[in-house]
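Numbering (my numbering), first residue to last: 304 to 456.
And the structure:
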């Protein structure tokens, strides 16, 4: 029972995510391709990675990662920021243009959360939040590279 419920919820979020990605991807100058949209999502989850961290996470060569990053910089979705520790190294920082794009993509999650708040008692919401925290913090160690300070509302 829980297996089917969890998979169904994840699939429904994925379905809406892909629908919104493809709705936002347009074939015109400066727009994101589907692969670029996924690349900026990874960069967001890695929280300002270096080019090497980005390449390692995706399992691609550094030159391939650099090519993808340069395209995102040209399109205005990404900027390079020198490291404060080692000025020869730089981090990938998402731009305001990306933030505006991301606000469109997170609207469904916010809709579902608002529906939950309207439909479920506070006690159930708190229990659900605790279950999600245990899942994220303890049961999914493979995802430890993902930043933990993402906004949840």
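Every residue, glycine too, gets a C-beta built ideally from N, C-alpha and C.
Asked, Found
"Nearest residue (CA-CA) to residue 343, options 314, 379, 313 and 442", "379"
"Residue 396 beta carbon less than 8 Å from that of residue 381", "yes"
"Span separating the alpha-carbon of residue 428 from that of residue 304", "20 Å"
"For residue 322, the three-state DSSP class (helix, strand or coil)", "helix"
"N-terminal and C-terminal residue of the alpha helix (DSSP H) that residue 370 is part of", "365 to 377"
"Unbroken beta strand (DSSP E) run spanning residue 383, endpoints", "381 to 385"
"Sequence-distant residues of the same chain with beta carbon closer than 7 Å to residue 351, five excluded per side", "394, 395 and 396"
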